[in-house]
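Student: Here it is, the structure, as structure tokens.
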Amino acid sequence: MPTYEYECAACEHRFDEFQMMSDPTLRRCPKCGKLRLRRLIGAGGGLIFKGSGFYITDYRSKDYADKAKAETPPAPSSSGDGKPEGGGDSVKSESKTEKKAEPKTEAKPAKTSRKKKA
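Numbered per numbering that gives the first Met the number 0, the sequence shown spans residues 0 to 117.
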């Protein structure tokens, strides 16, 4: 339901009223009681997303996303033949692969149930 802004032409009292769109406009001023109330044209309240979980791209159409992908230039890549793009001498590049350290897990001794001797 929208919030409407009203102003009285007699006493210049301004206020906001939260009412349904189908409700009739208010006519009587709540301050002076005269029938000189008019509804003002307001800017309205826009939809505001606050927080880190909302992105402008979340609500775009699939067509928009497809067009955006088509417009982005492809990432530069090597020619694939092992030669540098400058056309100079052929140099083999060594690719080093890093091995990720696996997390160490310590083995805990198994629990043994000890029975008390009476």
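Quick reminder that beta carbons are idealized off the backbone N, C-alpha and C, glycines included. It should be emphasised that the depicted structure is a prediction, and the values quoted were computed from it without experimental measurement.
#1: Ignore the nearest five residues each way along the sequence and tell me which others in Y34's own chain have a CB closer than 7 Å to its CB.
#2: With a CB to CB cut of under 6 Å and the five nearest residues on each side skipped, what residues in its chain are close to R123?
#3: Return the CA-CA distance between H12 and K30, expressed in angstroms with no decimal places.
#4: Provide the residue span of the beta strand (DSSP E) that contains D15, from first to last.
#5: Mind reading off the beta-carbon distance from F17 to M0? Whole number of angstroms is fine, and I expect it under 8 Å.
#6: Would you kindly report the start and end of the unbroken beta strand (DSSP E) that includes C7?
Tutor: If we stick to the structure as given:
#1: It should be noted that the sequence gives Leu, not Tyr, for residue 34. Within the same chain, L34 has close Cβ partners R26, R27.
#2: No statement about residue 123 is possible, as the shown extent of the chain runs from 0 to 117 and does not include it.
#3: 7 Å
#4: 13–17
#5: Contact flag correct, Cβ pair sits at about 6 Å.
#6: 2–7
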